[in-house]
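See below for the structure under consideration.
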Amino acid sequence: MSTLLIENANELVTPEGRHALNGHAMAKLRVIPNGALLSENGVITAVGTTEDVRRQLRQRQSDRSTSHKLNFESNCQSDRSSSYKSSFESNCQSSHELSCESNLPSGHPTSGKLSCGSNFSSDRSSSRQLDLRPDDVIIRDDAITRIDATGKTVLPGFVDPHTHFVFGGYREDEFNLRLQGASYMDIMRMGGGIAATNRATHAASEEELYAEGFKRMDRMLDLGITTVEGKTGYGEDTATEDKMLRVMELLDRDHPVDVVKTYLGAHAVPPSWKGRSGEYIDYLIKEGLPMAAGRAEFCDVFTEEGVFSLEESEKLLRAAKEQGFKLKMHADEIEPMGGAGLAAKLGAVSADHLLKAKDEDLFAMRDAGCIACVLPLTAFSLREPYARARFMIDHGLAVALGTDLNPGSCYSQSIPLMIALATIYMKLTIEETITAITLNAAAAIDRADRIGSLEKGKAADVVILDCPGYRHLSYHFAMNLVDTVIKKGDVVRRPCDRNC
Ligand code: NIG
Ligand code: FE
């Protein structure tokens, strides 16, 4: 049993629920002064004031010690005492040997960098720090990691529900062309853009894509992201798409950040299919979807003028749905194509970008329960007007925020800048913004029942901020305030991992 207790937080702050919050409900956060959280085996088992949570922990320990005792007696009776003893001894040993390092997944590259800081303690001596009554017992095989969050703020781990973080090569030349006036679509028409990344991704080995992806995920963790959605879409053939998917599967296995995978075969029309986008869609239905089925959870499409039409998108998405995929769309990013309306009609989990989405399509999304995933870092990078997130919330939609990390339109995974743009320019309150990067972002990848809030039964994915209250997230703008990151009850980022 691995147990983690975070206590004495100046504020513990979380949205609540197992579904997205719509409209003005997004502003409703639970704020617990002097907050605490208990995680057992990676799952949250108590949230409340420090006093409450300690009381619950004591109760559990005494319950467990009673059942342990009973167990022992029955083991003796059935003459299995020797096996109990040896397992007891080995448990006892591991409890003595426990250090902060043992909380990291084995093989994680940061494990060597860790050392126990003064606000961390773990082992049986925590009975004193927990202020237990003298007759309380900490079960001997039950090591507790305790984090003193005095002066700090505790939030759910951030969820990034829209990225293209696995790719080969870079496109800094295009970025500079754009600064001089070229548009994203001009560059695409000139054979650059997504096609350029496709060539580099084709040329890159699986190992290279893995190594770069791993580094990007380390940065995400530094910024408090504990779950990320990642898309394929830089393969012009099924083999390259398969390679991208395999890299994400390995990264999901090896890195503490969870990866939710999306198949985006319909990201650009490859040069060899120029003028035949309809046939390319047929190829994806015949070869791409079966390759990705059961591996990628979502199917996405870039519905845009000069890329894939509404009709082509619908054909692909309907086929994907039949093959078991949940749906997402890049909708109404550059031209008002009606993608948001299609997402609502097909029951997509989210429609993303939405810079140019029409009112009636947004209302259809609201009525269909489709999450509006807005990506302000992309609008910032392209110097486009931001999506109308304030309007969406005022009209009852559930809004999520994502970074859209990719090598072209948005080479940034900066959660701090995204929060600054959402609050300063898109006019979301900080409370709405927090819901948009936690519970609603989890809903945008169909995970709101498991992550996105600090509630009993959800995964213990937690960020601790080095600031006295959640409002500092917007006030101390564009700064990374993340102090410690916890994934499924394990400490996976410590302050010194970023700075030393
Ligand atoms: O979400 N709009 C299409 N796809 C990405 C950009 C991908 C790229 O430029 O490499 C986006 O912005
Ligand atoms: Fe995107």
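Adding 1 to a residue's 1-based position in the sequence shown gives its number in the numbering used here.
Glycine included, each C-beta is placed from N, C-alpha and C at the ideal position.
Taking 7 Å as the cut-off, is the CB of residue i close to at least one heavy atom of the ligand FE?
{"i": "Asp161", "result": "no"}
{"i": "Asn407", "result": "yes"}
{"i": "His25", "result": "no"}
{"i": "His20", "result": "no"}
{"i": "His331", "result": "yes"}
{"i": "His165", "result": "yes"}
Hey, out of the options, whose CA is closest to residue i's CA?
{"i": "Leu347", "options": "Lys357, Ile372, Glu334, Glu336", "result": "Ile372"}
{"i": "Gly342", "options": "Leu290, Glu230, Leu363, Met218", "result": "Leu363"}
{"i": "Ala294", "options": "Val375, Leu328, Ala26", "result": "Leu328"}
{"i": "Thr503", "options": "Gly340, Gly289, Lys316", "result": "Nothing about residue 503 can be read from this structure; the chain reaches only from 2 to 501."}
{"i": "Phe166", "options": "Asp283, Asn407, Ile446, Pro469", "result": "Asn407"}
{"i": "Tyr1", "options": "His25, Ser68, Met221", "result": "The structure shown does not extend to residue 1, since the chain is modelled only from 2 to 501, so the question has no answer here."}
{"i": "Gly170", "options": "Gly409, Ala444, Tyr426", "result": "Gly409"}
{"i": "Asp368", "options": "Tyr476, Ser351, Arg65, Glu306", "result": "Ser351"}
{"i": "Thr404", "options": "Asp353, Met27, Asp253, Arg190", "result": "Asp353"}
{"i": "His256", "options": "Arg200, Lys488, Ala320", "result": "Lys488"}
{"i": "Asn441", "options": "Ile7, Phe392, Ser3, Met27", "result": "Met27"}
{"i": "Asn199", "options": "Thr164, Thr241, Val493", "result": "Thr241"}
{"i": "Leu252", "options": "Gly214, Arg451, His268, Cys374", "result": "Gly214"}
{"i": "Met2", "options": "Gly453, Thr146, Ser206", "result": "Thr146"}
{"i": "Pro291", "options": "Ile335, Ala321, Asp447", "result": "Ala321"}
{"i": "Thr239", "options": "Lys287, Ala443, Glu208", "result": "Lys287"}
{"i": "Ile148", "options": "Asp259, Ile394, Ala445, Leu38", "result": "Leu38"}
{"i": "Phe381", "options": "Arg495, Ala144, Tyr426", "result": "Tyr426"}
{"i": "Ile394", "options": "Lys29, Arg319, Met249, Ala344", "result": "Lys29"}
{"i": "Phe309", "options": "Pro337, Thr439, Glu41, Ala269", "result": "Ala269"}
Give the DSSP bridge partners of residue i, in chain order.
{"i": "Met330", "result": "Ala352"}
{"i": "Ile372", "result": "Ser351"}
{"i": "Asp145", "result": "Contrary to the premise, residue 145 reads as Ile rather than Asp in this sequence. Its beta-bridge partners are Thr4."}
{"i": "Ala161", "result": "Just to set this straight, residue 161 is Asp in the shown sequence, not Ala. Answer is Val229."}
{"i": "Arg59", "result": "For Arg59, which the question treats as bridged, DSSP gives no partner whatsoever."}
{"i": "Val267", "result": "One point to set straight first is that residue 267 is Ala, not Val, in the sequence displayed. In the DSSP output, where bridge partners are listed per residue, Ala267 has Val302."}
{"i": "Ile45", "result": "Ser40"}
{"i": "Thr15", "result": "Arg31"}
{"i": "Arg494", "result": "Val486"}
{"i": "Thr151", "result": "Ala10"}
{"i": "Ile465", "result": "Val155, Thr485"}
{"i": "Thr50", "result": "Gly36"}
{"i": "Val248", "result": "DSSP, once it has assigned bridges, lists no residue as partnering Val248."}
{"i": "Leu402", "result": "Val375"}
Looking at residue i and the ligand NIG, is the gap between the Cβ and the nearest heavy atom below 7 Å?
{"i": "Ile446", "result": "no"}
{"i": "Gly169", "result": "no"}
{"i": "Ser413", "result": "no"}
{"i": "Thr241", "result": "no"}
{"i": "Phe326", "result": "no"}
{"i": "Ser184", "result": "no"}
{"i": "Glu334", "result": "yes"}
{"i": "Ile372", "result": "no"}
{"i": "Ser410", "result": "yes"}
{"i": "Phe303", "result": "yes"}
{"i": "Thr198", "result": "yes"}
{"i": "Ser266", "result": "Note that residue 266 is Gly in the sequence shown, not Ser. Checking the Cβ of Gly266 against the ligand NIG gives no."}
{"i": "Gly470", "result": "no"}
{"i": "Thr202", "result": "no"}
{"i": "Thr379", "result": "yes"}
{"i": "Gly194", "result": "yes"}
Cβ contact check for the stretch 31–39 and the stretch 6–19: 3 or more pairs under 8 Å: yes
The stretch 444–462 in contact with the stretch 41–50 per 3-pair CB rule at 8 Å: Cβ pair count under 8 Å is three or more, so yes.
- Taking contact to mean at least 3 C-beta pairs separated by less than 8 Å, is the stretch 296–305 in contact with the stretch 254–267? yes
Quiz item: Touch check for the stretch 147–154 and the stretch 380–395: three-plus C-beta pairs under 8 Å?
Solution: Because the criterion of three Cβ pairs below 8 Å is not met, the stretch 147–154 and the stretch 380–395 do not touch.
| query | Does the count of Cβ pairs from the stretch 215–226 and the stretch 179–188 closer than 8 Å reach three? | reply | no
Practice item. Determine contact between the stretch 186–202 and the stretch 234–254, defined as no fewer than three beta-carbon pairs at a distance below 8 Å. Key: yes
Pair every Cβ in the stretch 309–321 with every Cβ in the stretch 459–478, then say whether three or more of these pairs are closer than 8 Å. The stretch 309–321 makes no contact with the stretch 459–478, as fewer than three CB pairs between them are under 8 Å.
> Is it a yes or a no for the stretch 473–481 touching the stretch 397–417, going by three-plus beta-carbon pairs under 8 Å?
Replying inline: yes
Say whether the stretch 268–282 touches the stretch 243–251, bearing in mind that this needs 3 or more beta-carbon pairs closer than 8 Å, one atom from each stretch. no
Count the CB pairs spanning the stretch 50–67 and the stretch 468–475 that are closer than 8 Å, and state whether there are at least three.
no
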